[in-house]
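Each remark here refers to the structure printed beneath this line.
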Amino acid sequence: MAATSQVFMVIHGRRFGRILVPAMTCQNCSQSPRPCINATQPHSFKQRWQHQVRGYRTSPAWHSYYLTPPQVNSILKANEYNFKVPEFDGKNLCSVMGFDSNQLPANAPIEDRRSAATCLQTRGMLYGVFDGHAGCACAQALSERLFYYIAVSLLPHETLMDLENAVENGRPLHPILQWHKHPNDYFSKEASRLYFSSLRTYWQELLDLSVPGEQPDVAEALVSAFKRLDNDVSLEAQVGDPNAFLHYWVLRVAFSGATACVAHIDGNELHVANTGDGRAVLGVQEPDGSFSALTLTNDHNAQNESEVKRVRSEHPLSEAKTVVKQDRLLGLLMPFRAFGDVKFKWSIELQRRVLESGPDQLHENEHAKFIPPNYHTPPYLTAEPEVTRHRLRPQDRFLVLGSDGLWETLHRQEVVRIVGEHLTGVHQQQPVSVGGYKVTLGQMQGLLQERKARISSTFEDQNAATHLIRYAVGSNEFGMVDHERLSKMLSLPEELARMYRDDITIIIVQFNPHVIGGP
Numbered sequence: 002m003a004a005t006s007q008v009f010m011v012i013h014g015r016r017f018g019r020i021l022v023p024a025m026t027c028q029n030c031s032q033s034p035r036p037c038i039n040a041t042q043p044h045s046f047k048q049r050w051q052h053q054v055r056g057y058r059t060s061p062a063w064h065s066y067y068l069t070p071p072q073v074n075s076i077l078k079a080n081e082y083n084f085k086v087p088e089f090d091g092k093n094l095c096s097v098m099g100f101d102s103n104q105l106p107a108n109a110p111i112e113d114r115r116s117a118a119t120c121l122q123t124r125g126m127l128y129g130v131f132d133g134h135a136g137c138a139c140a141q142a143l144s145e146r147l148f149y150y151i152a153v154s155l156l157p158h159e160t161l162m163d164l165e166n167a168v169e170n171g172r173p174l175h176p177i178l179q180w181h182k183h184p185n186d187y188f189s190k191e192a193s194r195l196y197f198s199s200l201r202t203y204w205q206e207l208l209d210l211s212v213p214g215e216q217p218d219v220a221e222a223l224v225s226a227f228k229r230l231d232n233d234v235s236l237e238a239q240v241g242d243p244n245a246f247l248h249y250w251v252l253r254v255a256f257s258g259a260t261a262c263v264a265h266i267d268g269n270e271l272h273v274a275n276t277g278d279g280r281a282v283l284g285v286q287e288p289d290g291s292f293s294a295l296t297l298t299n300d301h302n303a304q305n306e307s308e309v310k311r312v313r314s315e316h317p318l319s320e321a322k323t324v325v326k327q328d329r330l331l332g333l334l335m336p337f338r339a340f341g342d343v344k345f346k347w348s349i350e351l352q353r354r355v356l357e358s359g360p361d362q363l364h365e366n367e368h369a370k371f372i373p374p375n376y377h378t379p380p381y382l383t384a385e386p387e388v389t390r391h392r393l394r395p396q397d398r399f400l401v402l403g404s405d406g407l408w409e410t411l412h413r414q415e416v417v418r419i420v421g422e423h424l425t426g427v428h429q430q431q432p433v434s435v436g437g438y439k440v441t442l443g444q445m446q447g448l449l450q451e452r453k454a455r456i457s458s459t460f461e462d463q464n465a466a467t468h469l470i471r472y473a474v475g476s477n478e479f480g481m482v483d484h485e486r487l488s489k490m491l492s493l494p495e496e497l498a499r500m501y502r503d504d505i506t507i508i509i510v511q512f513n514p515h516v517i518g519g520p
């Protein structure tokens, strides 16, 4: 890269890493064509985004391409996926009608992952959003493995015995999960044997601990699955593998990191397990037809006071000022819970030993070699999730799972309003808000005409997640989709896109009001 200053900082949510940025000063959100970066007192994302895009329009140094509406749609819909639960005798007996999902990358390659599956050996469906950092390897591994660990944790003793007997006797295994995947949501074939071996060891231990006739508790199963998979990720990296590719891969998984937000839905029972700063928000329809947001997760970061207290309580008083610094774990990591990230879990001696015996590619990785400052009493990080149980009611219409790239651009109430109006086709007309801007009557007329056009084009997006991404990336200061803004944000070069927004991954689960809420 060009000669620029190397500094440790976070540009809009990047959790950890050396980021090369040009030296610049921040003058109270001046309309500089460069992103405003202030590591200690960051401006709100909305402020940065608005003035950055305005600056981008006039900057001769940055080249953008005007995208036509069909081109915009092609980009937005490239990763969309939807699934409708099959009906039997003309009826859907499941509490879930179906789901829509989509992803929009900012990193190249995208560091987010998503998963959705139906549990075949037990009841229920699983949905998950995984937000990677320091690379995509850990998020990729979670998207392939975590649901298997959860599904196995939910199996009764008798089914676990059947699984083990089938493997012992060389019989085919009955499928555990039915995956619902976009073609881009791939599986790593090279690591499948290693993953299966670790999973089998886990179910053998569950078999020894379980009691015939007892049904596992869902919340306990979720916690157990999260913690065990993170432990296996760590152990696999320490042991290594004779296969050079696999050895490098397990180390990449362990030294990168990922947050996870997972929902398990079985009848009226909804459980959400969250590790990190992904969010699950319920869309609740009020008697007047409007939608309100019910957040089912807590962010595990410095904005959560109880989380800060938890982290500080796990380390000596002498580290009280360093364990959380500048709103980051050890001054570096934004989420306080995550998978992988062994640099925040292993002792310094273990890190050095594993790196010394690792492949040459890892020696060139600055992130892997770096030891966090004030690193005295590891582990500083956990993958243990916070589990929320919610009994679904008839007014609970949909669930939104999203990586932090969504919630940094749209407020939760705005999210459920956009999704609710899209799914129902009913728009709750609110007075046009100009938010302190001075507008002429002509401009006001334009805003009203734009709102009318927005309503008429609502069904341009058949996928609710795509519709939400359109608003997240393209909405202007008046809360309306601005095609010019959307076009420019989607045509940013790869090296600039990450400075304006994060990867966005969304899963929207629509509930069946005819089934939920019953006894």
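Each residue of the sequence shown is one higher than the one before, counting from 2 in the numbering used here. We put the CB at the ideal spot given by N, CA and C, even for glycine. Given the structure is predicted, the values throughout are model-derived calculations rather than measurements.
- When C-alpha distances from P380 are compared across Q352, V401, L195, the shortest belongs to Q352.
- The beta carbon of V282 lies closer than 6 Å to those of A294, T296, V401, R413 in the same chain, with the five residues before and after it left out.
- Sequence-distant partners of Q205 (beyond 5 residues in either direction) whose C-beta falls short of 7 Å from its own C-beta, in its chain, are E165.
- Rounded to whole angstroms, E237 and E145 show a C-alpha spacing of 16 Å.
- In this structure, I151 sits near A226, with a CB-CB distance shorter than 9 Å.
- With respect to the C-alpha of A109, the residue from H134, E478, S102, V309 having the closest C-alpha is H134.
- The DSSP assignment places complete alpha helix (DSSP H) segments of no fewer than 4 residues inside the region 332-363 at 349-358, in order along the chain.
- Within its own chain, the residues whose Cβ lies closer than 6 Å to the Cβ of A107, once the five positions on either side in sequence are excluded, are A498, R499, R502, D503, D504, listed in chain order.
- According to the DSSP assignment, K228 belongs to the alpha helix (DSSP H) that extends over 219-240.
- At a Cβ-Cβ threshold of 9 Å, A466 and D218 do not count as neighbours.
- Cβ-Cβ distances below 7 Å link V86 to N93, C95, V97, M98, G99 in the same chain, with the five nearest sequence neighbours on each side left out; the list follows chain order.
- In the structure shown, the three-state DSSP call for D209 is helix.
- In this structure the region 187-195 does not lie against the region 301-309, because fewer than three pairs of beta carbons, one per stretch, are closer than 8 Å.
- Judged by beta-carbon spacing, A118 lies beyond the 9 Å limit of L161, meaning their Cβ atoms are not closer than that value.
- With distances taken between CA atoms, I509 lies nearest to S116 out of E461, S116, I76.
- Under the DSSP assignment, N83 falls in the beta strand (DSSP E) whose first and last residues are 82-85.
- Relative to the Cα of L424, the nearest Cα in the group D462, S476, E409, E387 belongs to D462.
- Here the alpha carbons of E306 and T378 stand approximately 21 Å from one another.
- Short of 6 Å from the beta carbon of L271, and not among the five residues preceding or following it, lie these beta carbons of its own chain, in chain order: H391, L393.
- Here S116 carries a strand assignment [DSSP, helix/strand/coil].
- When DSSP states are grouped into helix, strand and coil, Q72 belongs to the helix group.
- Around the Cβ of R172, a 10 Å sphere holds fewer than 16 other Cβ atoms; the residue is exposed.
- Counting C-beta pairs with one atom in each stretch, the region 250-263 and the region 122-139 have three or more that are closer than 8 Å, which means they touch.
- Buried is the label assigned to H248, since at least 16 other Cβ atoms lie within 10 Å of its Cβ.
- The Cβ-Cβ distance between R338 and V324 does not fall below 9 Å.
- Just so you know, the alpha carbons of A264 and D328 end up roughly 28 Å apart.
- By alpha-carbon distance to T123, the top candidate from N464, S492, D267, L491 is D267.
- When secondary structure is reduced to three states using DSSP, N305 falls in the coil class, being assigned neither helix nor strand.
- G136 has its alpha-carbon roughly 6 Å from the corresponding atom of E112.
- Listed in chain order, the non-local C-beta contacts of N83 below 6 Å within the same chain comprise D101, N464, local neighbours out to five positions each way being set aside.
- CA-CA distance, A255 to V73, rounds to 36 Å.
- The alpha-carbon of K326 is positioned some 10 Å away from that of M335.
- L333 is positioned such that its CB atom lies no closer than 9 Å to that of P386.
- In terms of Cβ geometry, L223 and S154 form a close pair [threshold 9 Å].
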